[in-house]
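Residue numbers (the working numbering): 12 to 135. Structure first, then comments.
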Amino acid sequence: HAIYGAKKEFAIDWYKEQLDAGCTRISCPETGSLVKPDIVFFGESLPEHFGPSVTRDFPKCDLLLIIGTSLTVMPFAGLVRMVGDFVPRALINMTEAGGMLLDFREHDEDESGAEAPDDQASWW
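This is the structure:
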């Protein structure tokens, strides 16, 4: 966990103690700054390095794991289309994701066990 705007880390046990004590706004005891997970919540701005990281890393991707997302909010929903055409994509989710935005196709093999040719990447 980190202070919003800074990068001071707190032990998860300390954070849990604050929650167990009924705190609804967990603050740094030194500065009073908000303590939250080091993630981007809905409505927050993405970090500055997001765009350059996608541009640099996605062309090198040989497997894309998509875990725990609805795939309906941009820019993340569009990331599945930014890897190569033949890069396998694996969606791991408790519910259906993507809606009409994405074309999910189940992985298919021909009788020989070879992957069936397809003009779009397969989904597992």
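For every residue, glycine included, the Cβ atom is placed at its ideal position computed from N, Cα and C. What you are looking at is a predicted structure, and each value in this text was computed from that prediction instead of being measured.
Looking at the secondary structure, which residues open and close the beta strand (DSSP E) in which Ile-78 lies? 75 to 78 is the extent of the beta strand (DSSP E) around Ile-78.
I need the DSSP call for Glu-20, collapsed to helix, strand or coil. Of the three classes helix, strand and coil, the one that applies to Glu-20 here is strand, per DSSP.
Just grab the DSSP bridge partners of Ala-101 for me. Answer is Leu-76, bridged to Ala-101.
I need the straight-line Cα distance from Leu-76 to Val-91, nearest angstrom please. Going from the Cα of Leu-76 to the Cα of Val-91 covers about 9 Å.
Do Gly-89 and Met-105 have their C-beta atoms within less than 9 Å of each other? No. Outside cutoff.
Which parts of the region 39 to 87 are runs of the beta strand (DSSP E), unbroken and 3 residues or longer, counting only runs that do not cross its ends? Listed in chain order, they are 75 to 78.
Can you tell me whether Gly-89 is helix, strand or coil according to DSSP? Helix.
For Ala-108, does the count of other Cβ atoms within 10 angstroms reach 16, so buried, or fall short, so exposed? Answer is buried; the Cβ neighbour count reaches 16.
Does the distance from the CB of Ser-56 to the CB of Leu-45 come in under 9 Å? Going by C-beta atoms, Ser-56 is not nearer than 9 Å to Leu-45.
Could you round the C-beta distance between Met-93 and Phe-61 to whole angstroms and report it? I think they count as a contact, below 8 Å. With a Cβ gap of about 12 Å, Met-93 and Phe-61 do not count as contacting.
Relative to the C-alpha of Val-84, which candidate in Cys-72, Phe-52, Gly-95 has its C-alpha closest? Taking only the C-alpha atoms, the option nearest Val-84 is Phe-52.
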